[in-house]
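According to the working numbering, the residues represented by the sequence shown are 234 to 424, in order.
Ideal Cβ placement from N, Cα and C applies to all residues, glycine included.
Here is the structure we will look at, set down as C-alpha coordinates.
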Amino acid sequence: MTLHNADGSLGESCGNGARCVARYLLDRSGGDSLDLRFTGGSVSARREGDGIAITLRAPTAPVSLAIDGHRRAYRVNVGNPHVVVFVEEPSMVDLSLVAVAIRGVAGEANVEVARVVDPGLIALRVDERGVGETQACGTGACATVAAAACEQRMDAAVRVRVPGGELVVRAGPDTFELSGPAEYAFEGDIG
(Lines of atoms letter the chains of each structure in order from A and count residues from 1; the text may use other names and numbers.)
(Lines give C-alpha, C1' and ligand atoms only; values in the text may rest on other atoms or scores of the structure.)
Protein backbone atom coordinates (compact mmCIF):
# COMPACT_ATOMS: atom_id res chain seq x y z
CA MET A 1 0.00 0.00 0.00
CA THR A 2 1.32 3.45 -0.89
CA LEU A 3 0.68 6.32 1.51
CA HIS A 4 0.62 9.96 0.40
CA ASN A 5 0.62 12.78 2.95
CA ALA A 6 -1.54 15.88 2.49
CA ASP A 7 1.40 17.75 0.92
CA GLY A 8 1.97 14.95 -1.63
CA SER A 9 5.06 13.51 0.08
CA LEU A 10 5.27 9.77 0.62
CA GLY A 11 4.84 8.32 4.10
CA GLU A 12 6.33 5.04 5.25
CA SER A 13 3.56 3.88 7.57
CA CYS A 14 0.28 4.98 9.15
CA GLY A 15 -1.28 3.10 12.06
CA ASN A 16 -4.68 4.77 11.91
CA GLY A 17 -4.65 4.67 8.11
CA ALA A 18 -4.01 0.93 8.30
CA ARG A 19 -6.92 0.49 10.72
CA CYS A 20 -9.24 2.49 8.45
CA VAL A 21 -8.21 0.65 5.26
CA ALA A 22 -8.59 -2.65 7.13
CA ARG A 23 -12.11 -1.68 8.24
CA TYR A 24 -13.08 -0.80 4.66
CA LEU A 25 -11.63 -4.02 3.19
CA LEU A 26 -13.00 -6.26 5.95
CA ASP A 27 -16.47 -4.73 5.59
CA ARG A 28 -16.36 -5.36 1.82
CA SER A 29 -15.00 -8.91 2.09
CA GLY A 30 -16.89 -10.06 5.17
CA GLY A 31 -13.59 -11.27 6.62
CA ASP A 32 -12.27 -10.93 10.15
CA SER A 33 -8.56 -10.33 9.52
CA LEU A 34 -6.03 -9.35 6.87
CA ASP A 35 -2.44 -8.23 6.36
CA LEU A 36 -1.33 -4.89 4.89
CA ARG A 37 2.13 -3.91 3.65
CA PHE A 38 3.53 -0.36 3.69
CA THR A 39 6.96 0.91 2.67
CA GLY A 40 7.83 1.00 6.39
CA GLY A 41 6.65 -2.53 7.19
CA SER A 42 3.66 -4.84 7.46
CA VAL A 43 0.74 -4.95 9.86
CA SER A 44 -1.85 -7.59 10.66
CA ALA A 45 -5.37 -6.27 11.21
CA ARG A 46 -8.44 -7.81 12.80
CA ARG A 47 -11.86 -6.82 13.98
CA GLU A 48 -12.07 -6.10 17.71
CA GLY A 49 -15.61 -5.39 18.85
CA ASP A 50 -16.77 -2.28 16.99
CA GLY A 51 -13.21 -1.28 16.17
CA ILE A 52 -10.09 -2.51 14.43
CA ALA A 53 -6.84 -3.68 16.01
CA ILE A 54 -3.53 -3.88 14.18
CA THR A 55 -0.36 -5.65 15.22
CA LEU A 56 2.88 -4.03 14.12
CA ARG A 57 6.53 -4.60 14.90
CA ALA A 58 7.68 -3.08 18.16
CA PRO A 59 9.28 0.35 17.86
CA THR A 60 13.04 0.72 17.85
CA ALA A 61 14.53 1.33 21.27
CA PRO A 62 13.88 5.01 22.08
CA VAL A 63 16.97 7.23 21.96
CA SER A 64 17.09 10.13 24.41
CA LEU A 65 17.56 13.58 22.85
CA ALA A 66 18.60 16.88 24.38
CA ILE A 67 16.24 19.42 22.83
CA ASP A 68 16.56 22.66 24.78
CA GLY A 69 18.28 21.58 27.95
CA HIS A 70 15.19 20.83 30.00
CA ARG A 71 12.64 19.00 27.86
CA ARG A 72 12.64 15.22 27.88
CA ALA A 73 12.52 13.89 24.32
CA TYR A 74 13.02 10.57 22.56
CA ARG A 75 13.59 9.54 18.94
CA VAL A 76 11.57 6.40 18.12
CA ASN A 77 10.94 4.58 14.82
CA VAL A 78 7.70 2.65 14.30
CA GLY A 79 8.14 2.11 10.56
CA ASN A 80 8.26 5.92 10.36
CA PRO A 81 10.30 8.40 12.44
CA HIS A 82 8.92 10.11 15.55
CA VAL A 83 10.27 12.46 18.20
CA VAL A 84 8.28 12.35 21.44
CA VAL A 85 8.57 15.34 23.80
CA PHE A 86 7.16 15.07 27.32
CA VAL A 87 5.53 18.28 28.57
CA GLU A 88 3.40 19.36 31.53
CA GLU A 89 0.25 20.02 29.49
CA PRO A 90 0.06 19.14 25.75
CA SER A 91 -3.00 21.35 25.18
CA MET A 92 -0.99 24.44 26.20
CA VAL A 93 1.89 23.86 23.75
CA ASP A 94 2.27 25.73 20.45
CA LEU A 95 2.66 22.44 18.61
CA SER A 96 3.56 23.85 15.19
CA LEU A 97 6.34 25.94 16.75
CA VAL A 98 7.69 22.97 18.72
CA ALA A 99 7.55 20.76 15.59
CA VAL A 100 9.59 23.25 13.55
CA ALA A 101 12.18 23.54 16.34
CA ILE A 102 12.46 19.76 16.79
CA ARG A 103 12.79 19.12 13.06
CA GLY A 104 15.59 21.70 12.99
CA VAL A 105 17.52 19.57 15.49
CA ALA A 106 16.34 16.01 14.83
CA GLY A 107 15.47 16.05 11.12
CA GLU A 108 12.18 15.21 9.47
CA ALA A 109 9.99 13.30 11.90
CA ASN A 110 6.47 13.24 13.24
CA VAL A 111 6.49 15.23 16.48
CA GLU A 112 4.50 14.26 19.56
CA VAL A 113 3.93 16.33 22.70
CA ALA A 114 2.72 14.11 25.52
CA ARG A 115 2.01 13.85 29.21
CA VAL A 116 1.88 10.61 31.15
CA VAL A 117 -1.24 11.10 33.28
CA ASP A 118 -0.76 7.74 35.00
CA PRO A 119 0.70 4.33 33.99
CA GLY A 120 -2.46 3.52 32.03
CA LEU A 121 -3.18 6.89 30.37
CA ILE A 122 -1.27 9.31 28.14
CA ALA A 123 -2.51 12.66 26.77
CA LEU A 124 -1.08 13.28 23.28
CA ARG A 125 -1.00 15.75 20.39
CA VAL A 126 0.81 15.11 17.11
CA ASP A 127 2.23 17.17 14.25
CA GLU A 128 2.80 14.81 11.31
CA ARG A 129 5.37 15.43 8.57
CA GLY A 130 3.64 16.60 5.43
CA VAL A 131 0.31 17.07 7.20
CA GLY A 132 0.50 19.29 10.30
CA GLU A 133 -1.48 18.69 13.47
CA THR A 134 -3.78 15.68 13.23
CA GLN A 135 -6.67 14.43 15.35
CA ALA A 136 -4.85 11.16 16.04
CA CYS A 137 -1.71 9.25 15.07
CA GLY A 138 -1.54 5.50 15.61
CA THR A 139 2.20 5.09 15.11
CA GLY A 140 2.67 8.21 17.25
CA ALA A 141 0.64 6.60 20.04
CA CYS A 142 2.87 3.51 19.85
CA ALA A 143 6.05 5.62 19.78
CA THR A 144 4.84 7.59 22.81
CA VAL A 145 4.07 4.47 24.85
CA ALA A 146 7.56 3.13 24.02
CA ALA A 147 9.17 6.43 25.07
CA ALA A 148 7.09 6.63 28.26
CA ALA A 149 8.26 3.15 29.25
CA CYS A 150 11.83 4.55 29.32
CA GLU A 151 10.78 6.90 32.10
CA GLN A 152 8.44 4.78 34.19
CA ARG A 153 6.66 1.47 34.34
CA MET A 154 3.55 1.52 32.13
CA ASP A 155 0.46 -0.71 32.25
CA ALA A 156 0.18 -3.62 29.80
CA ALA A 157 -2.60 -1.71 28.01
CA VAL A 158 -2.23 2.07 27.80
CA ARG A 159 -5.05 4.38 26.75
CA VAL A 160 -3.78 7.22 24.61
CA ARG A 161 -6.11 10.23 24.56
CA VAL A 162 -5.81 12.32 21.39
CA PRO A 163 -8.00 15.21 20.17
CA GLY A 164 -9.97 12.78 17.98
CA GLY A 165 -10.73 10.24 20.71
CA GLU A 166 -8.92 7.41 22.39
CA LEU A 167 -6.64 4.60 21.21
CA VAL A 168 -5.31 1.63 23.17
CA VAL A 169 -1.71 0.44 22.85
CA ARG A 170 -0.60 -2.95 24.16
CA ALA A 171 3.19 -3.23 24.19
CA GLY A 172 4.94 -6.56 23.80
CA PRO A 173 8.62 -7.40 23.40
CA ASP A 174 8.43 -7.96 19.62
CA THR A 175 5.11 -6.41 18.59
CA PHE A 176 2.75 -3.64 19.61
CA GLU A 177 -1.02 -3.78 19.20
CA LEU A 178 -2.95 -0.60 18.39
CA SER A 179 -6.74 -0.64 18.67
CA GLY A 180 -9.60 1.79 18.53
CA PRO A 181 -12.55 2.90 16.44
CA ALA A 182 -12.36 3.14 12.65
CA GLU A 183 -15.41 5.02 11.42
CA TYR A 184 -16.56 6.10 7.99
CA ALA A 185 -16.29 9.86 7.48
CA PHE A 186 -17.64 9.89 3.91
CA GLU A 187 -17.94 7.84 0.72
CA GLY A 188 -17.39 9.07 -2.80
CA ASP A 189 -16.31 8.18 -6.31
CA ILE A 190 -13.08 9.11 -8.04
CA GLY A 191 -13.60 9.43 -11.71
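Across which residues does DSSP place Leu267 in a beta bridge pair?
Ala278
Could you give the DSSP three-state label for Asn343: helix, strand or coil?
strand
Inspect the beta-carbon positions of Ala278 and Leu259 and report whether they are closer than 9 Å.
yes
According to the neighbour-count rule (16 or more other Cβ atoms, all chains shown, within 10 Å of its Cβ), is Ile355 buried or exposed?
buried
Please report the straight-line C-alpha distance between Thr272 and Ile287, rounded to a whole angstrom.
16 Å
6 Å Cβ shell around Ala291 - same chain, five flanking residues per side excluded
Asp407, Thr408 and Phe409
Where Ile335 falls, given that 16 or more other Cβ within 10 Å makes a residue buried
buried
According to DSSP, what are the bridge partners of Phe319?
Arg305 and Ala347
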